[in-house]
Amino acid sequence: MPELRRRWFLRALLAAGPLGWLARADAKVARNRSPGNKPLATMPPALTPFIDHLIPADEWTPAASALHVPQTIWQQAQTDAELQHLIHTVCAWLDRYGDGFAALSADEREALVAWMAQAPWEAPQRRFFHWMRERAFMLYYTQPQALKGLPVQRPPQPMGHVLD
């Protein structure tokens with residue numbers, strides 16, 4: 041009788057290995073298909089006015105949206121679920137009152153953006169502000185149209201690359 045238990049145990053152990061592997065593979069597929077990991081199709085309404093508030097048009101240069109900076113940032117976010125979540129969370133926060141961030145007066149938008157810039161680092165609004173400012177400025181000032189009217193011929197960085 042002890043021989044039977046040992047054989048049964050060995051068979052069970054050998055069968056459990058492939059079953060465990062299959063369960064782990066199935067869990068990985070399920071996680072990749074979960075709704076939270078899918079790219080979101082539409083850009084949040086507050087993203088373009090927020091970036092245009094950081095880089096507005098003036099008499100010499102266009103606004104960031106005229107050079108497709110918000111669309112480029114949104115396209116790049118499609119491969120990063122955490123960045124997408126941050127963008128959607130903060131843009132929903134920006135649009136939470138009235139007709140949204142775009143409908144606010146310039147002073148109201150400035151007050152929100154100034155608060156975001158000085159909020160505690162743990163606040164998603166602060167991380168969003170710093171990431172978005174850095175990325176938007178990099179994408180904007182590497183385009184020749186952004187330099188028209190400025191007394192420079194290359195991006196404003198040491199030994200900047202010549203623009204085509």
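Mapped onto the numbering used here, the consecutive letters of the sequence shown carry residue numbers 41 to 204. Glycine residues also receive a C-beta, built at the ideal position from the N, C-alpha and C atoms.
Status (buried if at least 16 other CB within 10 Å, exposed otherwise) for residue i
| i | result |
| --- | --- |
| Trp-114 | buried |
| Leu-218 | Here the chain covers residues 41 to 204 and nothing more, so residue 218 does not appear. |
| Asn-72 | Only weak support exists for where Asn-72 lies, its pLDDT of 45 falling under 50; the coordinates are left without a value. |
| Ala-157 | exposed |
Distance between residue j and residue i (C-alpha atoms, nearest Å)
| i | j | result |
| --- | --- | --- |
| Ala-70 | Arg-51 | Caution applies to Ala-70, whose pLDDT of 44 falls short of 50 and renders its modelled position unreliable; the model cannot decide the point. |
| Ser-74 | Pro-89 | Any reading at Ser-74 must be qualified, since the residue scores a pLDDT of 44, below 50, and its modelled position is unreliable; the value itself is stated next. Cα to Cα, the separation comes out at about 30 Å. |
| Ser-105 | Glu-174 | 15 Å |
| Met-172 | Ala-163 | 14 Å |
Delimiting residues of the alpha helix (DSSP H) encompassing residue i
| i | result |
| --- | --- |
| Ala-97 | Element bounds for Ala-97: n/a, residue is neither H nor E. |
Residue i and residue j closer than 8 Å at C-beta
| i | j | result |
| --- | --- | --- |
| Ala-186 | Gly-140 | no |
| His-108 | Arg-149 | no |
| Met-83 | Pro-110 | yes |
Helix, strand or coil at residue i according to DSSP, with G and I counted as helix
| i | result |
| --- | --- |
| Met-156 | helix |
| Met-178 | helix |
| Ser-24 | What the structure shows of the chain is the stretch from 41 to 204, and residue 24 is not part of that stretch, so it cannot be assessed. |
| Val-109 | helix |
| Arg-136 | coil |
Residue-level contact to chain C via CB, residue i, 8 Å cutoff
| i | result |
| --- | --- |
| Arg-51 | Checking the listed chains, one finds no chain C in this structure; it contains a single protein chain. |
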